[in-house]
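Working notes, structure below.
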Amino acid sequence: MAVTIEKGNGNYIMVSFNYGYDKVAAIKKIKGSRWNEAKRVWIVPNTK
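Per our numbering, the sequence shown starts with residue 102, numbered consecutively.
If you want it as structure tokens, here you go:
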């Protein structure tokens with residue numbers, strides 16, 4: 102199952118993957134993450 106990570110505007114990255122309950126639960130634990138329905142990707146803050 103592939104995970105795709107794309108660079109956003111510097112403040113965030115875009116993450117997409119085939120649906121899996123465990124994967125969604127894990128990404129929701131990242132503070133500031135959100136689902137973008139239009140692009141069908143998770144938006145995650147680009148932090149260190």
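Beta carbons are placed, not taken as given, at the ideal position from N, Cα and C, and that holds for glycine.
query, result
"Going by DSSP in three states, residue 120 sits in which element: helix, strand or coil?", "coil"
"For residue 107, which residues does DSSP report across the bridge?", "115"
"Does residue 128 come out as helix, strand or coil in the three-state DSSP assignment?", "helix"
"I believe residue 147 touches residue 121 by the beta-carbon criterion, under 8 Å. Please report the beta-carbon distance rounded to the nearest angstrom.", "The Cβ separation is near 23 Å, so there is no contact."
"For residue 114, which residues in the same chain have their Cβ closer than 7 Å to its Cβ, ignoring the five residues on either side in sequence?", "106, 107, 108, 145, 147"
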